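Report on the following structure.
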Amino acid sequence: MPAPQFSAEIPRRLRLEVAVPPHLSDGDVSQLCDMASARLRFLLGQEMRAQRRERTAARIARQDARRVRLEAAAANEMATT
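Under full-length UniProt numbering, the first residue of the sequence shown is numbered 1, with each subsequent residue one higher.
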C-alpha cells in the first residue's frame, strides 16, 4: 500500500489519500472514512488542548517571574530608602 499523501494546497483541511482494497463496498469505505475522520478530530482536539495547556503554563510562569522581579525591586527600593 502506498504511503498516505497530504495536500498542503487546501488551507484548514487535511486531505488523506489511502489505497482502498477493491472488495470493499461504498458503504464500507464511507464507514471507514467516517471513523478515521472522527479519530483524527479527536486526536487533533487532544493536541490543541495540550498546546493550550503549555501556553497557559508558560504565561503563568512569565507572570510569576514578573511578580518576583517586581517584589524584589520593591524590597530593594525599601531597603535603600
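Just so it is clear, CB atoms sit at the ideal spot from N, CA and C, and this is done for glycine as well. Keep in mind the model is a prediction, meaning the values are calculated, not measured.
Alpha carbon of residue i to alpha carbon of residue j, nearest angstrom
i: Arg52; j: His23; result: 43 angstroms
i: Leu43; j: Arg67; result: 36 angstroms
i: Asp28; j: Ala65; result: 55 angstroms
i: Ala72; j: Ala79; result: 10 angstroms
i: Arg55; j: Ala36; result: 28 angstroms
i: Gln61; j: Glu47; result: The residue asked about is misnamed: residue 61 is Ala in this sequence, not Gln. Using only the alpha carbons, I get a separation of about 21 angstroms.
Which of helix, strand or coil DSSP assigns to residue i
i: Pro16; result: It should be noted that the sequence gives Leu, not Pro, for residue 16. It is a strand residue.
i: Ser25; result: coil
i: Thr56; result: helix
i: Thr80; result: helix
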